[in-house]
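Visitor: Before anything else, here's the structure in question.
Numbering (the working numbering), first residue to last: 272 to 703.
This is the structure:
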């Protein structure tokens with residue numbers, strides 16, 4: 272996708288796309304045949320295949336948001352959008368695994384002792400170091416304070432990447448009258464401390480191993496592996512003073528916006544992948560009804576292709592524009608306001624839905640040949656629906672939040688403009 276056009280009509284890339292980001296993006300594009308070839312097997316086993324996991328790890332996907340001091344590349348927002356979208360062109364589950372990795376740098380806001388413990392423990396590990404499950408959810412695990420730590424039990428949903436990870440960060444609720452704090456927090460568990468449930472049987476993103484995690488009998492978690500949720504935002508903001516690389520110049524708010532950008536980049540990549548698959552298949556398939564030599568010769572297919580392209584270009588321009596804004600403001604030391612963040616979150620969610628609409632249009636235009644499980648287009652359809660069903664990027668709730676502000680009503684308290692602040696009361700209806 273181009274950003275500016277020079278007088279000689281050459282493409283001028285975004286100034287925020289770095290050599291490291293470009294190199295990783297191109298490496299991922301070279302892996303696209305492998306990723307797409309093994310996507311169906313990944314769906315069957317409910318996780319990335321060993322070959323794909325090793326290839327992504329070797330390419331540097333799980334190091335792209337880690338500090339330079341850890342051997343990571345600490346990529347900025349535009350780089351991440353490019354890389355995640357490139358993965359999405361091959362398979363949504365592979366792209367989702369990269370998106371999850373973007374958010375995992377949040378654990379660098381935890382206690383220093385824990386950060387160092389995880390760093391040492393995952394040296395040479397293939398896959399993500401840590402996954403998160405039900406951190407901000409309405410239903411989390413239970414914890415009670417004891418000397419030196421916490422006794423924890425519970426069940427946590429959507430632990431994306433859990434089959435490949437060494438550690439897990441999970442949400443807990445506790446009694447603030449006994450332990451102080453807000454009553455909501457997170458704890459970090461070692462792999463041996465939790466059970467992975469066989470419950471990820473879903474319509475899309477089946478290869479993400481987003482299983483539930485469970486601790487049936489109470490386990491002890493030391494204090495240094497706990498953090499009250501209220502401490503998260505300021506700690507995330509302080510990360511930038513500790514580590515090197517573009518990713519660690521970001522404020523806490525910019526970091527959360529980068530996570531949103533990365534999630535919507537999944538659908539952008541899938542839409543681009545679906546368009547490429549459609550063009551290849553339409554040229555060699557004959558239409559069932561009209562007497563054209565191929566689907567590609569049909570005027571209706573040509574119109575659908577053009578419309579899909581327009582949707583994808585518009586969505587890509589929106590996502591890339593805001594990724595550039597995050598990098599530009601980070602470099603200039605400028606912050607986004609609450610209103611801007613909320614507006615951008617809505618625009619990104621709308622862009623993701625526009626990509627889904629383009630994928631659906633292409634699938635219906637090509638017809639029944641796309642319903643075979645071996646056809647990547649049907650997987651793009653199902654995976655896109657799951658991405659746009661994610662609570663943090665659903666259009667209507669984000670539209671309501673923006674609508675409240677525009678109509679002079681107090682917005683709901685949110686984290687990253689899309690996730691409710693648990694333990695904070697929502698504004699009531701106006702009096703009178």
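All C-beta atoms in this analysis are idealised placements derived from N, C-alpha and C, irrespective of residue type, glycine included.
Using a threshold of 8 Å, state whether the C-beta atoms of residue 586 and residue 626 are closer than that.
Guide: Their beta carbons are under 8 Å apart, which means residue 586 touches residue 626 by this criterion.
Visitor: Quick one: Cα of residue 579 to Cα of residue 651, how far?
Guide: Rounded to the nearest angstrom, the two C-alpha atoms are 14 Å apart.
Visitor: Within 10 angstroms of its Cβ, does residue 477 collect 16 or more other Cβ (buried), or is it exposed?
Guide: Flag for residue 477 reads buried.
Visitor: Looking at the structure shown, is residue 294 part of a helix, part of a strand, or coil, going by DSSP?
Guide: Looking at residue 294 - three-state DSSP - the assignment turns out to be helix.
Visitor: DSSP state of residue 303, grouped into three classes?
Guide: The answer is helix: DSSP assigns residue 303 an H, G or I state.
Visitor: Which term fits residue 285, buried or exposed, when burial requires 16 or more other beta carbons within 10 angstroms of its beta carbon?
Guide: Buried is the call here.
Visitor: Going by Cα to Cα distance, which pick from 308, 312, 295 is closest to residue 336?
Guide: Nearest of 308, 312, 295 to residue 336, Cα basis: 295.
Visitor: Could you tell me how far apart the beta carbons of residue 567 and residue 581 are, in whole angstroms, since I believe they sit closer than 8 Å?
Guide: The Cβ separation is near 18 Å, so there is no contact.
Visitor: Would you give the residue range spanned by the alpha helix (DSSP H) that residue 533 belongs to?
Guide: That run of the alpha helix (DSSP H) goes 523-553.
Visitor: Below 6 Å CB to CB, which residues in the same chain sit around residue 393 once its five sequence neighbours on both sides are set aside?
Guide: The residues are 400, 437.
Visitor: If contacts are defined as beta-carbon pairs under 8 Å, then residue 704 and residue 468 qualify, I think. What distance do you get, rounded to the angstrom?
Guide: The requested residue 704 does not occur in the structure, where the chain is confined to residues 272 to 703.
Visitor: Within 10 Å of its beta-carbon, does residue 538 have 16 or more other beta-carbons around it, so buried, or fewer, so exposed?
Guide: Its Cβ being crowded by 16 or more others within 10 Å, residue 538 is buried.
Visitor: Going by the CB atoms, is the gap between residue 503 and residue 458 shorter than 8 Å?
Guide: Result no, Cβ atoms of residue 458 and residue 503 do not sit closer than 8 Å.
Visitor: Please specify which runs of the beta strand (DSSP E), each continuous and at least 3 residues long, are wholly inside the region 405-464, giving them in chain order.
Guide: You should have 412-417, 420-427, 438-444, 455-461.
Visitor: Among 486, 556, 494, 595, whose alpha-carbon lies nearest the alpha-carbon of residue 384?
Guide: For the residues 486, 556, 494, 595, the minimum Cα distance to residue 384 belongs to 494.
Visitor: I'd like to know if the region 347-355 and the region 376-390 are in contact, where contact means that at least 3 CB-CB pairs between them fall below 8 Å.
Guide: Because the criterion of three Cβ pairs below 8 Å is not met, the region 347-355 and the region 376-390 do not touch.
Visitor: Between the Cα of residue 735 and those of 434, 428, 443, spot the shortest distance and give me the residue it belongs to.
Guide: Because the chain spans 272 through 703 in this model, residue 735 falls outside it and cannot be assessed.
Visitor: On the criterion of 16 or more Cβ atoms from any shown chain inside 10 Å, does residue 451 qualify as buried, or is it exposed?
Guide: Result: exposed.
Visitor: Am I right that residue 292 and residue 353 are in contact with their C-beta atoms under 8 Å? What's the rounded C-beta distance?
Guide: With 8 Å as the limit, residue 292 and residue 353 qualify as a contact, their Cβ atoms being about 6 Å apart.
Visitor: What would DSSP say about residue 336, mapped onto helix, strand or coil?
Guide: Note: residue 336 maps to coil in three-state DSSP.
Visitor: Buried or exposed for residue 704, please, with buried defined as at least 16 other CB atoms from any protein chain shown within 10 angstroms of its CB.
Guide: Only positions 272 to 703 of the chain appear in the structure, and residue 704 is not among them; the question remains open.
Visitor: Determine the contact status of residue 355 and residue 404, defining contact as a CB-CB distance below 8 Å.
Guide: For residue 355 and residue 404, no; Cβs fall outside 8 Å.
Visitor: Decide if residue 435 is buried, meaning its Cβ has at least 16 other Cβ atoms within 10 Å, or exposed.
Guide: Its Cβ being crowded by 16 or more others within 10 Å, residue 435 is buried.
Visitor: Under a three-way DSSP split, which group does residue 559 fall into?
Guide: Coil.
Visitor: Residue 485 by DSSP, collapsed to three states: which one?
Guide: Of the three classes helix, strand and coil, the one that applies to residue 485 here is strand, per DSSP.
Visitor: Assuming residue 549 contacts residue 648 (C-beta within less than 8 Å), just tell me the rounded distance between them.
Guide: Yes, they are in contact, since the Cβ atoms of residue 549 and residue 648 sit about 7 Å apart, within 8 Å.
Visitor: Here's the rule: buried if 16 or more other CB atoms are within 10 angstroms of the residue's CB, otherwise exposed. What is residue 370?
Guide: When all chains shown are included, residue 370 counts as buried.
Visitor: Per the DSSP calculation, residue 582 is bridged to which residue(s)?
Guide: Bridge partners of residue 582: none, in fact.
Visitor: Express the C-alpha separation of residue 480 and residue 321 in angstroms, rounding to a whole number.
Guide: C-alpha separation (whole angstroms): 13 Å.
Visitor: Find the nearest neighbour of residue 515 within the set 448, 338, 306, judged by alpha-carbon distance.
Guide: Among 448, 338, 306, the Cα nearest to that of residue 515 is on 338.
Visitor: Buried or exposed, going by whether 16 or more other CB atoms sit within 10 Å of the CB of residue 342?
Guide: That one is exposed.
Visitor: Can you grab the Cα-Cα spacing for the pair residue 254 / residue 609, in whole Å?
Guide: Shown here, the chain extends from 272 to 703; a query on residue 254 therefore has no answer.
Visitor: Out of 655, 666, 639, 319, state which residue places its alpha-carbon closest to the alpha-carbon of residue 619.
Guide: If we check each option's Cα against that of residue 619, 666 comes out closest.
Visitor: Going straight from the alpha carbon of residue 489 to that of residue 429, what length do you get?
Guide: Their Cα atoms are separated by approximately 21 Å.
Visitor: Taking buried to mean at least 16 other C-beta atoms within 10 Å of its own C-beta, is residue 677 buried or exposed?
Guide: Exposed, since its Cβ has fewer than 16 Cβ neighbours within 10 Å.
Visitor: With DSSP collapsed to three states, give me the class of residue 371.
Guide: The answer is helix: DSSP assigns residue 371 an H, G or I state.
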